[in-house]
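Each step along the sequence shown adds one to the number in numbering that gives the first Met the number 0, with nothing skipped, and position 36 is 35.
Following: one structure in structure tokens, then a few remarks.
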Amino acid sequence: MRVEFTRTVANPSLSARAGEIKDVPEAEAVKRIEAGHAVAVDQPRTRLRDRLPGLRKQQAKAESKAPEEDKPLDKLTVEQLRAYAEEQDISLPEKARKDELLKVIGEALEEREGTEQ
């Protein structure tokens with residue numbers, strides 16, 4: 000298997016400089032790739048920030064949150080308001096400005112809260 004070494008490796012069975020591409024047995028290649036010493040030539044390199052465990056957790060948390068849930072309605076764009084209204088089964092006027100959309104959505108949500116109690 001062809002691998003490109005990401006760092007200098009020197010031991011009795013193998014030596015390679017960073018950036019050097021070599022053919023190595025598949026078992027050795029897998030071992031070096033898992034250790035982070037090399038990458039397969041036909042595979043894209045992973046970015047450093049993708050390999051850091053702390054950053055992956057933060058990115059996963061950020062991706063799991065929907066931006067609409069964190070923002071008040073008046074901070075959403077017209078497109079986001081229309082998507083939110085569609086999710087909530089609220090019918091909106093076809094040609095309406097943002098302030099009109101906010102009013103319709105607000106009234107619909109208040110009406111729902113009143114009927115749920």
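Note that CB positions come from ideal geometry on N, CA and C, so glycine has one too.
Computed from a predicted model, the values in this text were never measured in an experiment.
Close Cβ partners of residue i (< 8 angstroms) along its chain, the five nearest in sequence each way excluded
i, result
"L101", "L72, D73 and L80"
Unbroken alpha helix (DSSP H) run spanning residue i, endpoints
i, result
"V77", "V77 to E86"
Neighbourhood of residue i by C-beta, 7 angstroms cutoff - its chain only, sequence neighbours within 5 removed
i, result
"L17", "According to the sequence provided, residue 17 is Ala. The question's Leu does not apply to it. Within the same chain, A17 has close Cβ partners F4, T5, R6 and T7."
"A65", "Any reading at A65 is ruled out, since the residue's pLDDT is 48, under 50, leaving its predicted position unreliable."
Residue i versus residue j - alpha carbon distance
i, j, result
"K21", "Q87", "57 angstroms"
"V40", "E19", "10 angstroms"
"E85", "E78", "11 angstroms"
"S12", "K70", "58 angstroms"
Limits of the beta strand (DSSP E) - the one that residue i falls within
i, result
"E27", "Careful: E27 lies outside any beta strand (DSSP E), inside the alpha helix (DSSP H) at E25 to A34."
Whole-Å CB distance - residue i paired with residue j, under 8 angstroms assumed
i, j, result
"A15", "A28", "The pair is not a contact, with the Cβ atoms about 12 angstroms apart (cut-off 8 angstroms)."
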